[in-house]
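Those sequence lines, one after another, are chains X and D. To convert, note that position 40 of the first sequence is 352 in this note's numbering; the numbers rise steadily by one, no gaps. To convert, note that position 29 of the second sequence is 33 in this note's numbering; the numbers rise steadily by one, no gaps.
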Amino acid sequence: DQQVKQNSPSLSVQEGRISILNCDYTNSMFDYFLWYKKYPAEGPTFLISISSIKDKNEDGRFTVFLNKSAKHLSLHIVPSQPGDSAVYFCAATVRSGNTGKLIFGQGTTLQVKP
Amino acid sequence: DTAVSQTPKYLVTQMGNDKSIKCEQNLGHDTMYWYKQDSKKFLKIMFSYNNKELIINETVPNRFSPKSPDKAHLNLHINSLELGDSAVYFCASSQVGRDEKLFFGSGTQLSVL
Chain X
313 DQQVKQNSPS LSVQEGRISI LNCDYTNSMF DYFLWYKKYP AEGPTFLISI SSIKDKNEDG
373 RFTVFLNKSA KHLSLHIVPS QPGDSAVYFC AATVRSGNTG KLIFGQGTTL QVKP
Chain D
5 DTAVSQTPKY LVTQMGNDKS IKCEQNLGHD TMYWYKQDSK KFLKIMFSYN NKELIINETV
65 PNRFSPKSPD KAHLNLHINS LELGDSAVYF CASSQVGRDE KLFFGSGTQL SVL
């Protein structure tokens, strides 16, 4: 019963090109979504987030798009850099629950080739 | 001056043993969590504490007992370790109500032999 799914375990992209990572969710109560980045032997670190009242949020090279009707979000990285190579986790939560509980997907490993 | 620190980083032990993982945060957050990353790589919440009070307990075997002596510390004690407990355990903290960003420790890789 995985409420957040990342169906692509891995993605390989050439440096300078766009990376698109996808995430699907099933719980319509989710109202806040986050992306985390994880390097080996480190904990996940926050990257970017989006509230359900928006359909796009941008921060530098990173943009998150939210399609509520499709229960789908995506993370775009433009241009991709070798340092972006990491595991990316999508997460979702119900803010009104006020518990801080995040539901994570299983991650997508991004490899950016020089 | 690591924000969320957990020890040890690696833990190798025999089945049936009891072990503890310690976690400390210096961010002034009032909520702390334990997440488990299993073999399928999902990060799943186990527990959360808010100001030393248990808020979330996600159907975790009672061999796992979190302890929060103060809001900056959340330790995880595991009794009678089983092979299936092998995983990476992450501690995290956040300030609920301000935003939902979790700050994670670097993880403890537990291997039960």
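Cβ atoms here follow ideal geometry from the backbone N, Cα and C, with glycine treated the same way.
Could you have a look at Leu15/D and say whether DSSP puts it in helix, strand or coil?
One-based indexing of the second sequence puts residue 15/D at position 11. In the structure shown, Leu15/D sits in a strand (DSSP, three-state: E or B).
Counting contacts by CB-CB distance shorter than 8 Å, is Gly395/X in contact with chain D?
Here residue 395/X refers to the residue found at position 83 when the first sequence is read from its first residue. Not one chain D Cβ lies under 8 Å of Gly395/X.
Do Ile332/X and Ser397/X have their beta-carbon atoms positioned less than 8 Å apart in this structure?
Along the first sequence, read from residue 1 onward, the residue named residue 397/X stands at position 85. Along the first sequence, read from residue 1 onward, the residue named residue 332/X stands at position 20. Cβ distance not < 8 Å, so Ser397/X and Ile332/X don't count as in contact.
Going by the CB atoms, is the gap between Val64/D and Glu86/D shorter than 8 Å?
Taking the second sequence and counting its residues from 1, one reaches residue 86/D at position 82. Taking the second sequence and counting its residues from 1, one reaches residue 64/D at position 60. Their beta carbons are not under 8 Å apart, which means Glu86/D does not touch Val64/D by this criterion.
How long is the line joining the alpha carbons of Leu414/X and Gly328/X, rounded to whole angstroms?
Position 102 of the first sequence, counted from the first residue, corresponds to residue 414/X. Position 16 of the first sequence, counted from the first residue, corresponds to residue 328/X. Going from the Cα of Leu414/X to the Cα of Gly328/X covers about 32 Å.
With burial defined as no fewer than 16 other Cβ atoms inside 10 Å of the residue's Cβ, what is the status of Thr6/D: buried or exposed?
The residue labelled residue 6/D in the question sits at position 2 within the second sequence. Flag for Thr6/D reads exposed.
How close, in whole Å, do the beta carbons of Tyr348/X and Thr357/X come, if the pair is a contact with beta carbons under 8 Å?
In the first sequence, the residue the question calls residue 348/X occupies position 36. In the first sequence, the residue the question calls residue 357/X occupies position 45. Tyr348/X to Thr357/X, Cβ: 6 Å. Contact.
Assign Leu73/D to one of three DSSP states: helix, strand, or coil.
Start at 1 with the first residue of the second sequence, and residue 73/D comes out as number 69. It is Pro, not Leu, that sits at residue 73/D in the sequence shown. Reduced to three states, the DSSP call for Pro73/D is strand.
Can you list the beta strand (DSSP E) stretches of 3 or more residues lying completely in the region 54-115 of chain D, in chain order?
Complete beta strand (DSSP E) runs here, min 3: 57-61, 68-74, 77-82 and 91-98.
Roughly how far, in whole angstroms, is the beta-carbon of Ala96/D from the beta-carbon of Tyr14/D, given that I think they are within contact range, below 8 Å?
Position 92 of the second sequence holds residue 96/D. Position 10 of the second sequence holds residue 14/D. Their Cβ separation, rounded to whole angstroms, is 19 Å, which puts Ala96/D and Tyr14/D out of contact at 8 Å.
Under 9 Å between beta-carbons, which chain X residues line up against Val100/D? List them in chain order, please.
Numbered from 1 along the second sequence, position 96 holds the residue referred to as residue 100/D. Asn410, Thr411 and Gly412, listed in chain order.
If you run the structure through DSSP and keep just helix, strand and coil, what is Ser340/X?
As a working mapping, residue 340/X is identified with position 28 in the first sequence. Coil.
Is the region 11-29 of chain D touching the region 100-113 of chain D, taking contact as three or more C-beta pairs under 8 Å?
Short answer: they touch.
Got a sec, what are the start and stop residues for the beta strand (DSSP E) Ala404/X sits in?
Start at 1 with the first residue of the first sequence, and residue 404/X comes out as number 92. Looking at the DSSP string, the run of the beta strand (DSSP E) that includes Ala404/X is Ala398 to Thr405.
Indicate whether Phe108/D and Gly372/X have their beta-carbon atoms separated by less than 8 Å.
Taking the first residue of the second sequence as 1, we reach residue 108/D at position 104. Taking the first residue of the first sequence as 1, we reach residue 372/X at position 60. No, these two residues do not count as a Cβ contact at 8 Å.
Quick one: which residues of the region 340-373 of chain X get their C-beta closer than 9 Å to a C-beta of chain D? List them in chain order.
If the cut-off is 9 Å between Cβ atoms, the region 340-373 of chain X has Tyr344, Leu346, Tyr348, Lys350, Ala353, Glu354, Gly355, Pro356, Thr357, Phe358 and Ser361 near chain D.
Can you give, in chain order, each stretch of the beta strand (DSSP E) that sits fully within the region 349-422 of chain X and has at least 3 residues?
You should have 357-363, 368-371, 374-379, 384-389 and 398-405.
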